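In this note's numbering, the protein residues as written are 7 to 63.
Just so it is clear, CB atoms sit at the ideal spot from N, CA and C, and this is done for glycine as well.
Keep in mind that this is a model prediction, so the values were computed, not measured.
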């Protein structure tokens, strides 16, 4: 696995943890939860894009 993919996996795990912590203390519609969820989505999309690019090489 390349360095970029490994770094993205670390970021994904960190954001998942942060999102779980937020959800435990706030509602799903809280702006902070929504922003964290969108950030995680963005990182997941980037990870998927890199995986797809790697598989085509």
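Assign residue 14 to one of two classes, buried (16 or more other C-beta atoms within 10 Å of its C-beta) or exposed (fewer than that).
Residue environment: residue 14 is assigned as buried (16 or more neighbouring CB atoms within 10 Å of its CB, all protein chains considered).
Using only alpha-carbon positions, find the residue among 20, 12, 10 that is nearest to residue 45.
Checking every option, the nearest Cα to that of residue 45 belongs to 20.
Who are the near neighbours of residue 53 in its chain, counting only those whose CB is closer than 8 Å to its CB and skipping five residues on each side?
Excluding positions up to five away in sequence, the list reads 11, 14, 15, 18.
Can the beta-carbon of residue 29 be found closer than 8 Å to that of residue 41?
no
DSSP on residue 32, reduced to helix/strand/coil?
coil
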